[in-house]
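So the number in our numbering is just where the residue sits in the sequence shown, counting from 1, plus 2.
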Amino acid sequence: LNIETELQRAIQEEVDETISNSERKLILLAGMAGDGKTTVEAAIWKKLAPPEKLKAWEKKSSPSLEILNSEGKKFTVKFIKDLSAESSDGSLQTSLLDVPDDTCLIVACNHGRLLDKLREYKKNAEHNWLAESLEKCFF
């Protein structure tokens with residue numbers, strides 16, 4: 003059964019455009035547990051991954067794909083399946099704030115975990131802009 007939602011189509015279009023334009027982008031899929039965030043990520047993975055890479059989705063918590071865009075330029079699409087399962091050693095903060103060029107980072111996160119991260123970012127003046135921008139999206 004393959005049911006594609008409007009949200010899934012919109013995100014897929016955003017990812018496709020990002021790849022085509024070789025843009026750097028962070029896409030946060032936020033919601034409650036069971037809302038289907040990881041299901042949307044998996045559907046995008048299946049559309050982008052070559053057949054030999056499909057099983058990598060099941061094996062890794064943060065799988066990534068290197069693909070060629072329409073101009074033949076290498077582009078990375080990285081997925082974080084669950085923000086709350088990621089390390090708390092600071093590497094996650096770096097990965098959210100410093101998405102490399104030619105990379106699209108797609109992150110599934112529960113509202114509560116994201117709000118916790120926002121509170122951490124607000125303590126750091128350098129990253130306060132991110133916290134304030136995201137907070138406006140939720141409130």
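Just so it is clear, CB atoms sit at the ideal spot from N, CA and C, and this is done for glycine as well.
**Q.** Local conformation of G38 per DSSP, three classes
**A.** The sequence position of residue 38 within the sequence shown is 36, counting from 1. Coil.
Q: Mark T7 as exposed unless 16 or more other C-beta atoms lie within 10 angstroms of its C-beta, in which case mark it buried.
A: In the sequence shown, the residue the question calls residue 7 occupies position 5. By the 10 Å Cβ count, T7 comes out exposed.
Q: Inspect the CB distances between the segment 18-27 and the segment 105-123 and report whether three or more fall short of 8 Å.
A: As far as the Cβ criterion goes, the segment 18-27 touches the segment 105-123, which means the pair count is three or higher.
Q) If you compare alpha carbons, which of K61, Q10, K76, T20 is closest to D37? A) Reading the sequence shown from its first residue, position 35 is the one you call residue 37. The candidate whose alpha carbon is nearest that of D37 is Q10.
(Q) Please report the distance separating the alpha-carbon of E19 from that of W47. (A) Walking along the sequence shown from the start, residue 19 turns up at place 17. Walking along the sequence shown from the start, residue 47 turns up at place 45. Rounded to the nearest angstrom, the two C-alpha atoms are 15 Å apart.
(Q) Taking its Cβ as the centre, do 16 or more other Cβ atoms sit within 10 Å of A110, making it buried, or is it exposed? (A) The residue given as residue 110 occupies position 108 in the sequence shown. By the Cβ-count criterion, A110 is buried, with 16 or more other Cβ atoms from all chains shown falling within 10 Å of its own Cβ.
Q. Helix, strand or coil for K57 per DSSP?
A. Residue numbering aside, residue 57 sits at position 55 when the sequence shown is read from its first letter. Three-state DSSP puts K57 in coil, outside helix and strand.
Q: Kindly indicate which three-state DSSP category S63 falls into: helix, strand or coil?
A: Counting from 1 along the sequence shown, the entry for residue 63 is found at position 61. Of the three classes helix, strand and coil, the one that applies to S63 here is coil, per DSSP.
Q: Kindly indicate if chain C contains any beta-carbon less than 8 Å away from that of F81.
A: Of the protein chains in this structure there is only one, and it is not chain C.
Q.
Quick check on DSSP: helix, strand or coil for K75?
A. Reading the sequence shown from its first residue, position 73 is the one you call residue 75. Coil at K75, not helix or strand.
Q. In terms of residue numbering, what span does the alpha helix (DSSP H) encompassing V17 cover?
A. As a working note, residue 17 is residue 15 in the sequence shown. Unbroken alpha helix (DSSP H) run through V17: 8-22.
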